[in-house]
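First up is the structure itself, then whatever we jot down about it.
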Amino acid sequence: MVYKSLDSVTVEDIEASGISSQLAEEIHRKVAEIVNNYGAATPETWNLISKHVLTPNLPFSLHQMMYYGCYKDFGPDPPAWIPDPENALLTNVGLLLERHGKEFLGNKYKDPISSFSYLQEFSVSNPEVYWKTMLDEMCVNFSVPPDCILHESPSEESQVLNPGYVVVSIADSFAPLEISTRLKISEAKAIFTQDLIIRGEKSIPLYSRVVEAQAPMAIVIPARGSSFSIKLRDGDISWPDFLESVKKLKGDMFKAVEQPVEAFTNILFSSGTTGEPKAIPWTNVTPFKAAADAWCHMDIRRGDIVAWPTNLGWMMGPWLVYASLLNGASMALYNGSPLTSGFAKFVQDAKVTMLGVIPSIVRTWKSTNCMAGYDWSSIRCFSSTGEASNVDEYLWLMGRACYKPIIEYCGGTEIGGGFVSGSFLQPQSLAAFSTPAMGCRLFILGDDGHPIPQDAPGMGELALGPLMFGSSSTLLNASHYDVYFKGMPSWKGLILRRHGDVFERTSRGYYHAHGRADDTMNIGGIKVSSVEIERICNAVDSSVLETAAIGVPPADGGPERLVIAVVFKDPDNSTTDLTQLRISFNSAVQKNLNPLFRVSYVVALSSLPRTASNKVMRRVLRKQLAQVDQNSKL
């Protein structure tokens with residue numbers, strides 16, 4: 001859709017969005033005054049309109065008119081949120097820089113906003129100073145203070161932790177075989193589980209899958225109430241009985257014991273789409289990486305209330321525990337689906353201050369409008385991870401909370417947190433990252449396999465600096481070196497760490513994720529990411545829910561053909577002409593990406609195959625589509 005510039009928007013245009021003529025005139029007057037003072041196409045204009053004109057109860061089409069009209073000719077990475085200098089001084093990082101800015105940065109320090117990028121570089125160049133400061137901020141006490149951060153073979157440093165077992169995280173969505181595989185790899189001795197998982201009106205068996213997986217002793221929690229009707233295996237115990245059995249221990253004091261920093265606290269798994277899942281241990285250091293990311297990038301502090309629909313089987317579950325509790329914040333836990341109005345009311349009533357999301361959740365909220373009517377003004381920021389986000393959907397999300405920032409966050413289980421994120425001290429652009437995470441250095445590899453200049457725009461496979469506080473140094477069932485370092489280029493004598501995502505650094509210094517490196521394809525001799533094509537195709541037709549772009553090799557060999565798999569919003573859709581849709585996709589891709597690209601054919605799917613962590617399995621689709629004729633229905 002083509003939007004008018006703000007100085008061309010009329011009262012009638014505003015009224016056409018579905019509001020009264022009186023309100024349209026009032027909005028037009030306010031917008032005209034802002035445009036007159038700050039121009040029709042400046043970040044300051046959008047900042048004032050988003051704060052003083054737009055409200056959650058106004059039609060989203062009006063929000064779109066204002067945002068896209070303001071930034072009509074701005075180019076890439078228009079800022080959807082701009083930090084306020086006075087508020088910036090009150091953030092965690094702002095307060096830190098006011099105390100230590102001159103000490104850390106010397107004459108480079110001016111103020112928190114203009115000096116933030118210098119602090120990020122300082123965190124990489126001076127890790128001992130930076131991480132000592134972070135641990136002090138979190139009031140972490142050591143029996144023997146660490147004398148070196150990121151030492152290759154830590155042996156002297158130790159910290160005080162209550163004694164306990166290593167937690168093994170297994171997602172509740174797995175089939176029995178996958179549960180069994182992870183239990184065997186980790187050599188788990190007991191398992192906490194539920195009898196059922198309640199999802200709306202559905203009751204999904206869980207304990208029966210645990211039994212089928214031949215799990216060790218299970219402590220079974222009833223999904224509803226305090227009892228259940230299922231019969232437990234011999235040796236298993238219900239949660240109420242377990243609590244009763246340990247009552248006599250309540251008076252005992254557990255004596256804290258020293259643990260080396262490399263001692264395991266948690267074992268998590270990769271999604272395992274390419275063979276046996278990698279077993280990734282988190283050590284006693286990893287929680288502090290997670291908490292420091294939250295402290296710095298999401299500004300989580302004492303008194304905050306943090307909600308993030310997730311699962312203890314994936315890294316964001318334990319991340320949430322550490323990121324909130326180590327910073328003195330509270331976790332807001334909702335027992336039910338986050339896709340309903342019940343969750344929206346929960347966010348309102350709990351007065352959540354930081355709400356974490358994944359894009360597919362936001363997509364459902366927007367399409368069902370189940371958030372309408374609820375007050376989310378207590379939110380100070382959103383954070384998003386797990387998938388590539390959508391500009392329009394995240395514009396809608398910001399509007400639900402009076403345009404509070406969305407802090408994009410990307411990392412990995414083996415990182416213990418993020419390597420690229422956003423900040424309260426930088427302008428935030430939708431579906432973009434504004435900074436490497438504290439303590440992390442990013443490298444984009446060029447076509448020759450070596451890093452391009454760090455401040456230069458470009459796109460390629462992302463590599464990471466090898467020295468990252470809290471990141472993994474071992475795998476339980478694979479060679480850590482082979483997985484993350486073998487075959488990687490060096491930088492200043494250090495072998496870079498493999499990550500596998502394709503990233504772009506723009507001319508304005510923002511980062512965009514473009515999917516996995518193995519999700520690229522070669523179309524007419526040009527390498528392109530599936531995500532780039534999908535972003536364009538998703539916006540072509542209002543009946544399309546999502547797409548997957550796949551490079552499919554012909555059966556008789558030759559160049560890959562571009563095939564688009566489509567999932568319609570209406571699962572019973574039988575009226576859309578796939579040939580016409582292919583023509584529309586072609587036109588959009590050729591116009592917005594490359595005139596040499598051509599969509600060979602389109603197939604309709606009921607859903608896209610995904611891993612348990614919600615990543616699209618394009619390799620599975622590629623194999624299926626290689627055997628499918630044009631316009632067939634899977």
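Residue numbers for the sequence shown follow UniProt numbering, beginning at 1 and rising by one. Just so it is clear, CB atoms sit at the ideal spot from N, CA and C, and this is done for glycine as well.
Rounded to a whole number of angstroms, what is the C-alpha to C-alpha distance between residue i and residue j?
{"i": "alanine 612", "j": "aspartate 241", "result": "32 Å"}
{"i": "serine 50", "j": "methionine 66", "result": "9 Å"}
{"i": "asparagine 335", "j": "proline 216", "result": "26 Å"}
{"i": "glycine 303", "j": "asparagine 92", "result": "13 Å"}
{"i": "phenylalanine 116", "j": "lysine 108", "result": "10 Å"}
{"i": "tryptophan 141", "j": "leucine 135", "result": "The sequence shown places asparagine at residue 141, not tryptophan. Each residue's alpha carbon lies about 8 Å from the other."}
{"i": "serine 377", "j": "glutamate 187", "result": "46 Å"}
{"i": "glycine 106", "j": "serine 125", "result": "14 Å"}
{"i": "isoleucine 219", "j": "isoleucine 185", "result": "20 Å"}
{"i": "valine 552", "j": "arginine 582", "result": "16 Å"}
{"i": "glutamine 476", "j": "arginine 182", "result": "The amino acid at residue 476 is misidentified as glutamine; the sequence shows leucine. Going from the Cα of leucine 476 to the Cα of arginine 182 covers about 11 Å."}
{"i": "serine 20", "j": "phenylalanine 60", "result": "15 Å"}
{"i": "threonine 133", "j": "alanine 88", "result": "19 Å"}
{"i": "alanine 190", "j": "tyrosine 510", "result": "45 Å"}
{"i": "leucine 442", "j": "serine 490", "result": "13 Å"}
{"i": "residue 635", "j": "glutamate 137", "result": "Nothing can be reported for residue 635: it is not among the residues displayed for the chain, which extend from 1 to 634."}
{"i": "glutamate 152", "j": "asparagine 327", "result": "Residue placement at glutamate 152 is flagged as unreliable, the pLDDT there being 41, under the threshold of 50; the coordinate-derived value follows with that caveat. The straight-line gap from Cα to Cα measures roughly 28 Å."}
{"i": "serine 587", "j": "leucine 593", "result": "10 Å"}
{"i": "isoleucine 34", "j": "threonine 45", "result": "6 Å"}
{"i": "valine 616", "j": "serine 607", "result": "10 Å"}
{"i": "serine 574", "j": "phenylalanine 568", "result": "10 Å"}
Indicate the three-state DSSP secondary structure (helix, strand or coil) for residue i in the structure shown.
{"i": "leucine 183", "result": "helix"}
{"i": "residue 636", "result": "Residue 636 cannot be examined here, being either before or after the span of the chain that is shown, 1 to 634."}
{"i": "residue 645", "result": "Residue 645 lies beyond the range of the chain shown here (1 to 634); nothing can be said about it."}
{"i": "proline 281", "result": "strand"}
{"i": "lysine 435", "result": "Note on residue identity: the sequence assigns threonine, not lysine, to residue 435. Reduced to three states, the DSSP call for threonine 435 is strand."}
{"i": "tyrosine 165", "result": "coil"}
{"i": "glycine 317", "result": "helix"}
{"i": "arginine 29", "result": "helix"}
{"i": "arginine 497", "result": "strand"}
{"i": "isoleucine 19", "result": "coil"}
{"i": "isoleucine 523", "result": "strand"}
{"i": "serine 117", "result": "helix"}
{"i": "leucine 621", "result": "helix"}
{"i": "asparagine 266", "result": "strand"}
{"i": "glycine 75", "result": "coil"}
{"i": "alanine 292", "result": "helix"}
{"i": "threonine 133", "result": "helix"}
{"i": "valine 257", "result": "strand"}
{"i": "methionine 214", "result": "First, the residue type needs correcting, since residue 214 is glutamine and not methionine in the sequence shown. Coil, per DSSP."}
{"i": "glutamate 504", "result": "strand"}
{"i": "serine 341", "result": "helix"}
{"i": "threonine 474", "result": "coil"}
{"i": "valine 347", "result": "helix"}
As a quick exercise: from the options, pick the residue whose alpha carbon is nearest that of residue i.
{"i": "isoleucine 267", "options": "Ile179, Asp293, Ile170", "result": "Ile170"}
{"i": "cysteine 537", "options": "Ala565, Glu414, Glu560", "result": "Ala565"}
{"i": "methionine 459", "options": "Leu425, Met315, Phe503", "result": "Phe503"}
{"i": "serine 507", "options": "Val261, Ala456, Cys410, Phe228", "result": "Ala456"}
{"i": "glycine 470", "options": "Leu325, Val620, Met331, Ala291", "result": "Ala291"}
{"i": "residue 640", "options": "Tyr71, Ile82, His28, Gly500", "result": "Nothing about residue 640 can be read from this structure; the chain reaches only from 1 to 634."}
{"i": "threonine 286", "options": "Ser473, Val544, Tyr68", "result": "Ser473"}
{"i": "glutamate 258", "options": "Asn284, Glu276, Val9", "result": "Asn284"}
{"i": "proline 609", "options": "Ser600, Val599, Arg622", "result": "Arg622"}
{"i": "valine 420", "options": "Met468, Gly449, His450", "result": "Met468"}
{"i": "proline 127", "options": "Lys289, Ser479, Tyr484, Leu545", "result": "Lys289"}
{"i": "histidine 28", "options": "Asp13, Leu476, Tyr510", "result": "Asp13"}
{"i": "leucine 23", "options": "Met1, Thr55, Tyr3, Thr42", "result": "Thr55"}
{"i": "methionine 354", "options": "Asn390, Trp314, Thr368, Glu408", "result": "Glu408"}
{"i": "phenylalanine 269", "options": "Gly342, Gly493, Val167", "result": "Val167"}
{"i": "alanine 548", "options": "Ala431, Val531, Arg561, Ala539", "result": "Val531"}
{"i": "glycine 487", "options": "Ser324, Arg505, Asp501, Ala463", "result": "Ala463"}
{"i": "lysine 40", "options": "Ser5, Leu62, Ser17, Asn57", "result": "Checking the sequence shown, residue 40 turns out to be alanine, not lysine. Looking at the Cα atoms, Ser5 is the closest of the given residues."}
{"i": "residue 681", "options": "Leu339, Lys345, Trp314, Ala294", "result": "Residue 681 falls outside the range modelled here, since the chain spans only 1 to 634, and no answer is possible."}
{"i": "glutamate 244", "options": "Ser226, Lys231, Val261", "result": "Ser226"}
Between residue i and the ligand COA, is there a pair consisting of the residue's CB and a ligand heavy atom that are separated by less than 7 Å?
{"i": "arginine 561", "result": "No copy of the ligand COA appears in this structure; indeed no ligand is present at all."}
**Message:** Three or more C-beta pairs under 8 Å: does that hold for the stretch 373-385 against the stretch 290-301?
**Reply:** yes
**Prompt:** Do the stretch 344-360 and the stretch 385-396 meet, that is, are 3 or more Cβ pairs less than 8 Å apart?
**Reply:** yes
**Item:** Every unbroken alpha helix (DSSP H) within the stretch 368-416, with a cutoff of 4 residues, ordered by chain
**Value:** 391-400
**At least three beta-carbon pairs within less than 8 Å, the stretch 317-327 to the stretch 435-446** = no
**Prompt:** Curious, which full-length alpha helix (DSSP H) runs of at least 4 residues does the UniProt domain "AMP-binding enzyme C-terminal" (532-615) contain?
**Reply:** 578-592
**Message:** Does the contact criterion of 3 or more C-beta pairs under 8 Å hold for the stretch 174-183 versus the stretch 208-215?
**Reply:** yes
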